[in-house]
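The next block holds one structure in the form of structure tokens; read it before the comments.
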């Protein structure tokens, strides 16, 4: 079951809480579990322009909502686009790092590329991986995501030349 909702409110935290509620809530997160929150930290282009990266306000609201579930650890992390290899710089320059930590995240993880840090990645071969990922032999996933009890993806809805939309 896939749930999609559009929530419009002046208050970002209220809008995020309503969107979480419409998506089924956070009841699966039990006290003491670990949560990996993955925003979109694609690049540091056009800082201050909405729609390129996950909004700092939305990210902070998600972290606060998760923190209320009393997990043992909240990690916020991403890997920037290939042409922007310094994810740590992007998380810092965009304000995502500060927003996540101020909201209660325990760690902000700036993933290096699989080539630079192969021990931080795992090659997966899910069903039908050959359709899109055959040349790579599968797709790489951050081990930190796979090790977490829960993954929450907080993307930025956008259109672009490579995927038409994401």
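Residue numbers (our numbering): 16 to 181.
From the three backbone atoms N, C-alpha and C, an ideal C-beta is built for every residue, glycine too.
- Of all alpha-carbon atoms in 74, 122, 39, 128, the one lying nearest the alpha-carbon of residue 28 is that of 74.
- In the assembly as shown, residue 168 is an exposed residue. Its beta-carbon has fewer than 16 other beta-carbons within 10 Å.
- The C-alpha of residue 62 lies about 6 Å from the C-alpha of residue 109.
- Assignment of residue 156 by DSSP, reduced to helix, strand and coil, places it in the strand class.
- Cβ contact annotation for residue 33 (same chain, cutoff 6 Å, sequence separation greater than five): 22, in chain order.
- Going by C-alpha positions, residue 126 is about 8 Å away from residue 135.
- Nearest neighbour of residue 164 by Cα position, chosen from 100, 98, 87, turns out to be 87.
- A distance below 6 Å between beta-carbons, with the five flanking residues on each side excluded, links residue 81 to the following residues of its chain, in chain order: 50, 89.
- Residues of the same chain with a CB within less than 7 Å of the CB of residue 129, apart from the 5 flanking positions on each side, are 136, 155 in chain order.
- A straight line joining the alpha-carbon of residue 159 with that of residue 26 spans about 32 Å.
- In the structure shown, residue 50 adopts extended strand secondary structure according to DSSP, grouped into three states.
- Just measuring C-alpha positions, the residue of 47, 45, 68, 64 sitting nearest residue 54 is 68.
- Going by C-alpha positions, residue 70 is about 10 Å away from residue 56.
- In this structure, the CA atom of residue 99 is about 15 Å from the CA atom of residue 92.
- According to DSSP, residue 21 shares a beta bridge with no other residue.
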